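Each residue of the sequence shown is one higher than the one before, counting from 62 in our numbering. All C-beta atoms in this analysis are idealised placements derived from N, C-alpha and C, irrespective of residue type, glycine included. Predicted, not measured: the structure shown is a model, and the values here were computed from it.
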Amino acid sequence: MDKKVVIIGSGFSSLSASCYLAKWGFDVTVYEKNSTIGGRASQMVKDGFTFDLGPSWYWMPDIFDKFFADFGKQTSDYYTLHKLSPAYKIFFSDDSITIGDTMDKICSEFERIEKGSSVHLRKFISDAQENYDIAINKVVLKPGLSPFELITTDTIQKVDQFFKTISGEVRKKFKNPKLISTLEFPVLFLGAKPSNTPSFYSFMNFADFGLGTWHPEGGMYEIIKAMHALALELGVNFHVDSPVGKIRVTNGKTIGITVNDQDIDADFVLSGADYHHSETLLEQKYRQYSEKYWDQRTFAPSSLLFYVGLNKKLKNVEHHNLFFDTDFEQHTYDIYDKPQWPKKPLFYANFPSKTDLTMAPKNCETGFFLIPIAPGLEDTPELREQYFDLIMKRLEARTEQNIKDGILFYESFCVNDFIEKYNSYKGNAYGMANTLTQTAFLRPKLKSKKVKNLYFTGQLTVPGPGVPPSLISGKLVSELISNNQ
Ligand SMILES: Cc1cc2nc3c(=O)[nH]c(=O)nc-3n(C[C@H](O)[C@H](O)[C@H](O)COP(=O)(O)OP(=O)(O)OC[C@H]3O[C@@H](n4cnc5c(N)ncnc54)[C@H](O)[C@@H]3O)c2cc1C
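Below is the structure:
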């Protein structure tokens, strides 16, 4: 008889694990609390508008390619990818920077802003590429069991980069604040502020400028559909509307889960739900990490999100747009140092229908807006409305057009929804940040230290937040389960 694995949740990490485990001969069943799969990467279709509710940046295409190649497939077997040109646009109070799809284009844009900066940029990105090769091909493929995993001939040579910050390194080479913000932006994906992120993480800059920004036709949910289809091909069973209420343990070993008051037996339990929530499904004595532990971690931000249907095409915007027309430092202070609603927030605006006509009705625009905020903040309808007005006014001013009169509808999503929909700790949007003290073996473990045959995956464990790391997390935990039979 095949060993039976039950997986809690159906986000990217769970889907990834389900595919590997099924391929390696396990009998795999996924239980998802919501009525659709995909976790934070879910989708809303309304009046002909298609919205990705979570991730929208397709970075590190090599990781997706490797995932599908592990099953003898290619991404093109499931979805069509386009490299975006330009990749994105950054608005400042008096100017904007457009990031092209080649280094040459990006270098000329840097030169326009700061003479001589392209020389530094080429060197910076070449170093970042070296870090990318080490990080992606060596470091992140380790399960975070011991500090020795990080000690390789390559990392020893780079050890100083773990004790310098990305912020410090960027400032040594570039003086213009706009270029500094541009180069600090990619590490925001890791969930921490650049002044608290080791410079080794400049590999994110290579992911940005070196590998480019891509878009799957139809939106990010196409990746979820692809992984779901692959999992079904491999024999994985799925149950939606199935909230797991308990992880059952006997004599220190898990024997299964309880779903809708029904006991399901299993040889292994793998939770891809938020780690903190997963442990609350256990009796207190079986939990590895205390409330104090979680409270002291640096979490990635939560977000105030708006999904907007517009009855016209917009000008002066691209597919991805960053509004850095206020103080970057002050906003990160409001997220990490003194959690509070930012007075002058930076925000991100995504109009996928600028390049993908399938995402909105003819002559209309699909708009997605994100304001990063500290997790756990008060979340009220009044605050949401206030911030919607604020960013619409800024958008109109910066792009010189009337937008509010084109709004057909808008919906919002914030801290309370993250908690209710995903059982997210303090309503975090994308997990636990990757800082020096929260990297690799210093993150919550993939394998429970207290309960045999219980495992965890996803953005709160190894390697960290983001879609590509979630794919890797699913693979790493599957290897541990497979080796531990
Ligand atoms: C707004 C936003 C924007 C983002 N932008 C990007 C981006 O542009 N690019 C990028 O790479 N990454 C981005 N991310 C991060 C990325 O989406 C996540 O890192 C990734 O989707 C996390 O996957 P996961 O499997 O760890 O968890 P999740 O997707 O959270 O999956 C966990 C699943 O567990 C389910 N669950 C919880 N409790 C239970 C229970 N008791 N029983 C059953 N099921 C349960 C949840 O419903 C959920 O489906 C973004 C995230 C957000 C929220």
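Could you name the residues of the same chain whose beta carbon sits closer than 6 angstroms to that of P304, not counting the 5 residues immediately before and after it, in chain order?
-> K94
With which residues is H381 paired in a DSSP beta bridge?
N411
Original post:
So what does DSSP say about K506, is it helix, strand or coil?
Top reply: coil
| said: Pairs of beta-carbons, one from the segment 327-336 and one from the segment 513-520, closer than 8 angstroms: are there three or more? | reply: yes
*C-beta neighbour in chain E for G72, strict 7 angstroms*: Within the model displayed, chain E is absent; a lone protein chain is all it includes.
- Message: On the criterion of 16 or more Cβ atoms from any shown chain inside 10 Å, does I68 qualify as buried, or is it exposed?
- Response: buried
Quiz item: Can you name, in chain order, every residue of its own chain whose Cβ lies under 7 angstroms from the Cβ of D188, other than the five neighbours on each side?
Solution: S263
* Asked: Measuring from the CB of Q520, is there a heavy atom of ligand 1 at a distance below 6 angstroms?
  -> yes
Do Y31 and ligand 1 come close, with the Cβ less than 6 angstroms from some heavy atom?
Here the chain has residues from 62 to 546 only, and residue 31 is not among them.
Exercise. Taking 6 angstroms as the cut-off, is the CB of G279 close to at least one heavy atom of ligand 1?
Worked result: no
Practice problem: Closer than 6 angstroms by C-beta to G161: which residues in its own chain qualify, once you throw out the five before and the five after it? Chain order, please. | Solution: P147, I167
Tell me the residue span of the alpha helix (DSSP H) that contains F499.
Sequence check: residue 499 is Gln here, not Phe. Segment: none, Q499 is in no alpha helix (DSSP H) and carries neither H nor E.
When you compare each of V297, P413, V220 to T90 by their alpha carbons, which one comes out closest?
V297
DSSP beta-bridge partners of S332:
I69, F517
Q: Return helix, strand or coil for I186, following the three-state DSSP convention.
A: helix
Straight-line Cα distance separating K84 from L295:
6 angstroms
**Study point:** Nearest candidate by alpha-carbon position, reference K254, set S77, V200, A494
**Key:** A494
Next on the checklist: For K234, report the span of its alpha helix (DSSP H) as first-last.
Outcome noted: 227-234
Any heavy atom of ligand 1 within a distance shorter than 6 angstroms of the CB on A102? yes
Next item on the list: With a 10 Å radius around its C-beta and 16 neighbouring C-beta atoms as the bar for buried, classify V301 as buried or exposed.
Entry: exposed
- Three or more C-beta pairs closer than 8 angstroms, one from the segment 170-183 and one from the segment 317-332: is that the case here? no
(request) Please name the residue or residues paired with L365 in a DSSP beta bridge. (result) I432
Can you tell me where the alpha helix (DSSP H) with D478 in it begins and where it stops? 476-483
If you measure from the CB of V528, is any heavy atom of ligand 1 nearer than 6 angstroms? yes
ask   = Is Y92 near ligand 1, judged by its Cβ being under 6 angstroms from some heavy atom?
value = yes
Practice item. Pull up the DSSP beta-bridge partners for H276, would you. Key: H143
Near S103, what residues of its chain come up, given a Cβ to Cβ distance below 6 angstroms and the 5 sequence neighbours on each side ignored? T97, L114
ask   = DSSP state of P259, grouped into three classes?
value = strand
Q: Would you kindly report the start and end of the unbroken beta strand (DSSP E) that includes K314?
A: 314-320
Extract the residue ranges of the alpha helix (DSSP H) inside the segment 94-160, only unbroken runs of 4 or more that lie entirely within it. 122-130
Can we count A334 as close to ligand 1, meaning its CB is less than 6 angstroms from some heavy atom?
yes
For K454, does the three-state DSSP call read helix, strand or coil?
helix
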